[in-house]
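Asker:
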């Protein structure tokens, strides 16, 4: 192992992602998209893709570029591909959104916007998958958290492939006209592979290592994560392979999805048990804010599992799918990501700034770069807002939903400011702030 | 049959002391063919390398309460059952570590801070040995920048990463 360097553009990924998140939140507060408009309509698709690609996928890609090398103790395959990938993802998404806006009649654009945007996005994700995939390939046999990431990378390929085909159908291209039913039955697979496989499964794998690291819990047991891994892979395989087969045979999609759902539930239960086990075995008694908030986010995932099972049992899943998707995207994924950004950004900033002088002059601790008491209130607002918004969707209160998302937006702004303060070393007390030899970091680019 | 001299470092460690010099002093007093029986509150992994470089094989036994009894014997080749030190770790050509750190229970990134601070106090060519709960991937980056060399690897139990660093000469 030659050591992990800092990935130069990680913070840029995070910043672009947060801007997309804020934009999506502001549009929702303004009443754009679901629940004011149809859940499958173009306006809702704008919001959904802003959150899932602009925010969650971008932030996850950035975090993986920094974290996969740590996970497998190998350097990133090609650091020089990271900035082009960010440009392709951002540019591709912008064009895709313009395509959805055209579809919704807000904008008079050419019909090929959707396939062009999708192609750029596929190129961006291909660069990301190739880069991370080659890094993982060099580290076989993979430790279990890295296997979750590998499965997640496979899922983003499935998601992107379906997305590309949808763009052809929606744009009215001749080739797309051959699959008229694809949109109806393919959307669940696109969404499950994206939200479930790529975003959730990857986040689960990474969190095994992050939680063990931050709680000082032993994670060397080979059995740790095995059931969650096996059941999760089974769920994704049944969902994607079974789903595609069912599409081809034009029957049985619901059965494949039900089986996949049952396996996914088992995976989530096993994951919850593992996290609880790590929590009980931890050596660090007082947990830092990022770990506590990760556990709160996990509670949202538990709520999703329970609510989904209940809605399936009562047959009311179709009418509540919007609320569940919101809880997955915000209460679970966004909450988990924000909690971990609150650790990752100060840590990288600390390493970048004080690493070169560490041991030679007194330096602050990582905790000195943040103010947990002040930040806690933003997290409380964030989770309270997310849960309230879910509740409002469940009871069909559109205005209440927008008010709750306004609270979430405020919390996002507050947390964004905390991250900027960490980059600027604004909370580090003198005289430790800038010892001789240390330089204030750039806001958006890491020195490595 | 090997005769053993007993050294119990448990009270020394409990009192916050440094047992390394006492073990080395006991080693000096051994007669040819004699062994050393060590009682420790944890498995003294770094010591295995040091002792191996002095020609001692070891045999370990876990006692109650996580404590360990380690028997070090002059290695005359008759001691095949002993756990061999990983090749990458045996610092045959490196001097014995001057500093030993057990950083396994520290919050990250404190282990890294302590190692870098301790390295600053060493003379060129001297070495430091540290026990960690993980592979310190971010530390390697700083060590490389400062021109230090290191050797490391997980112990066979996979729960401890043992790192030896040599100050650039």
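Residue numbers (my numbering), protein chains in the order written: chain A, 1 to 448; chain B, 1001 to 1169.
All residues carry an ideal CB built from backbone N, CA and C; glycine is no exception.
Given a threshold of 16 other Cβ atoms within 10 Å of its Cβ, counted over all protein chains shown, does residue 178 of chain A qualify as buried or as exposed?
Answerer: Result: exposed.
Asker: Apart from the five residues on each side of it in sequence, which residues of its chain come closer than 8 Å, Cβ to Cβ, to residue 113 of chain A?
Answerer: Counting only Cβ-Cβ distances below 8 Å, and skipping sequence neighbours, we find 95, 96, 98, 99, 102 and 171.
Asker: Within 10 Å of its beta-carbon, does residue 219 of chain A have 16 or more other beta-carbons around it, so buried, or fewer, so exposed?
Answerer: Residue 219 of chain A is buried by the Cβ-count criterion.
Asker: What residue range does the alpha helix (DSSP H) around residue 295 of chain A cover?
Answerer: Counting along the chain, the alpha helix (DSSP H) containing residue 295 of chain A begins and ends at 289-314.
Asker: Just the C-alpha distance for residue 137 of chain A and residue 64 of chain A, rounded to the nearest angstrom, thanks.
Answerer: Computed Cα separation, rounded: 15 Å.
Asker: Any Cβ of chain B within less than 9 Å of the Cβ of residue 277 of chain A?
Answerer: No, residue 277 of chain A does not count as interfacial toward chain B.
Asker: Against residue 1109 of chain B, what residues of chain A qualify as contacts under a CB-to-CB distance less than 7 Å, listed in chain order?
Answerer: By Cβ distance, chain A contributes 366.
Asker: Run through DSSP, which three-state label would residue 1120 of chain B get?
Answerer: Of the three classes helix, strand and coil, the one that applies to residue 1120 of chain B here is helix, per DSSP.
Asker: Report yes or no: do three or more beta-carbon pairs, one from the stretch 1065-1077 of chain B and one from the stretch 1036-1054 of chain B, lie closer than 8 Å?
Answerer: Short answer: they touch.
Asker: Would you report the Cα separation of residue 1024 of chain B and residue 287 of chain A, rounded to the nearest angstrom?
Answerer: Roughly 40 Å separates the two Cα atoms.
Asker: Identify the continuous alpha helix (DSSP H) that holds residue 1061 of chain B and give its terminal residues.
Answerer: Where residue 1061 of chain B is concerned, there is no enclosing alpha helix (DSSP H), although the beta strand (DSSP E) it sits in stretches over 1056-1062.
Asker: Under 8 Å: do the stretch 1149-1160 of chain B and the stretch 1116-1125 of chain B share three or more Cβ pairs, one atom per stretch?
Answerer: Touching, no.
Asker: Write down the C-beta distance between residue 263 of chain A and residue 238 of chain A rounded to the nearest angstrom, noting that I regard them as a contact closer than 8 Å.
Answerer: Their Cβ separation, rounded to whole angstroms, is 6 Å, which keeps residue 263 of chain A and residue 238 of chain A in contact under 8 Å.
Asker: Determine, using beta carbons only, whether residue 209 of chain A and residue 71 of chain A come nearer to each other than 9 Å.
Answerer: Yes, the Cβ-Cβ distance between residue 209 of chain A and residue 71 of chain A is below 9 Å.
Asker: Using a 10 Å radius around the Cβ and a threshold of 16 neighbouring Cβ atoms, would you call residue 43 of chain A buried or exposed?
Answerer: Under this definition residue 43 of chain A is a buried residue.
Asker: Between the stretch 52-75 of chain A and chain B, which residues of the former have CB atoms less than 9 Å from a CB of the latter, in chain order?
Answerer: So the close ones are 69, 70 and 73.
Asker: If you measure between the beta carbons of residue 53 of chain A and residue 20 of chain A, is that distance less than 9 Å?
Answerer: Against a cut-off of 9 Å, the Cβ pair of residue 20 of chain A and residue 53 of chain A comes out as a contact.
Asker: Give the interface partners of residue 360 of chain A over in chain B, defined as CB-CB distance under 9 Å, in chain order.
Answerer: Those are 1116, 1117 and 1120, listed as they occur along chain B.
Asker: Pick helix, strand or coil for residue 1008 of chain B, following the three-state DSSP scheme.
Answerer: The answer is strand: DSSP assigns residue 1008 of chain B an E or B state.
Asker: List the whole-angstrom C-beta distance separating residue 199 of chain A from residue 394 of chain A, where the pair is believed to meet the contact cut-off of C-beta under 8 Å.
Answerer: Between residue 394 of chain A and residue 199 of chain A the Cβ distance is about 22 Å, and since that is not below 8 Å, they are no contact.
Asker: Would residue 283 of chain A be called buried (16 or more neighbouring beta carbons within 10 Å of its own) or exposed?
Answerer: So residue 283 of chain A counts as exposed.
Asker: Does DSSP classify residue 1157 of chain B as helix, strand or coil?
Answerer: Coil, per DSSP.
Asker: Confirm, please, whether the CB-CB distance from residue 162 of chain A to residue 193 of chain A is below 9 Å.
Answerer: Yes, the Cβ-Cβ distance between residue 193 of chain A and residue 162 of chain A is below 9 Å.
Asker: Out of A:5, A:437 and A:355, which has the shortest C-alpha to C-alpha gap to residue 75 of chain A?
Answerer: When each option's Cα is compared against that of residue 75 of chain A, the closest is A:5.
Asker: Indicate the three-state DSSP secondary structure (helix, strand or coil) for residue 1018 of chain B in the structure shown.
Answerer: Coil, per DSSP.
Asker: Would you mind reading off the limits of the beta strand (DSSP E) that contains residue 1129 of chain B?
Answerer: First-last of the beta strand (DSSP E) with residue 1129 of chain B: 1127-1132.
Asker: Give me the Cβ distance between residue 26 of chain A and residue 151 of chain A, rounded to the nearest whole Å; I'm assuming they're in contact under 8 Å.
Answerer: So it is not a contact: roughly 34 Å between Cβ atoms.
Asker: Going straight from the alpha carbon of residue 229 of chain A to that of residue 107 of chain A, what length do you get?
Answerer: Distance between the alpha carbons of residue 229 of chain A and residue 107 of chain A: 44 Å.
Asker: Reducing DSSP to helix, strand and coil, say where residue 1040 of chain B ends up.
Answerer: Looking at residue 1040 of chain B - three-state DSSP - the assignment turns out to be strand.
Asker: Would you verify that the beta carbon of residue 6 of chain A is, or is not, closer than 9 Å to some beta carbon of chain B?
Answerer: By this cut-off, residue 6 of chain A is an interface position.
Asker: Compile a chain-ordered list of the residues in the stretch 1126-1143 of chain B whose CB is closer than 8 Å to at least one CB of chain A.
Answerer: Going along the stretch 1126-1143 of chain B in chain order, one finds 1133, 1134, 1135, 1137, 1138, 1139, 1140, 1141, 1142 and 1143 with a Cβ nearer than 8 Å to chain A.
Asker: Where does the unbroken beta strand (DSSP E) through residue 401 of chain A begin, and where does it stop?
Answerer: Taken as a continuous stretch (DSSP letters only), residue 401 of chain A belongs to no beta strand (DSSP E), being part of the alpha helix (DSSP H) at 398-423.
Asker: Sort A:370, A:389, A:34 and A:18 by Cα distance to residue 57 of chain A and report the nearest one.
Answerer: Nearest of A:370, A:389, A:34 and A:18 to residue 57 of chain A, Cα basis: A:18.
Asker: At least one CB of chain B closer than 9 Å to the CB of residue 351 of chain A: is that the case?
Answerer: Cβ-Cβ to chain B under 9 Å: yes for residue 351 of chain A.
Asker: I'd like the list of long-range same chain contacts for residue 390 of chain A, defined as Cβ closer than 7 Å, with 5 residues on each side in sequence excluded.
Answerer: Cβ within range, chain order: 323, 326, 327 and 331.
Asker: Quick check: is any heavy atom of the ligand PLP less than 8 Å from the C-beta of residue 1142 of chain B?
Answerer: Because no ligand of any kind appears in the structure shown, any question about the ligand PLP cannot be addressed here.
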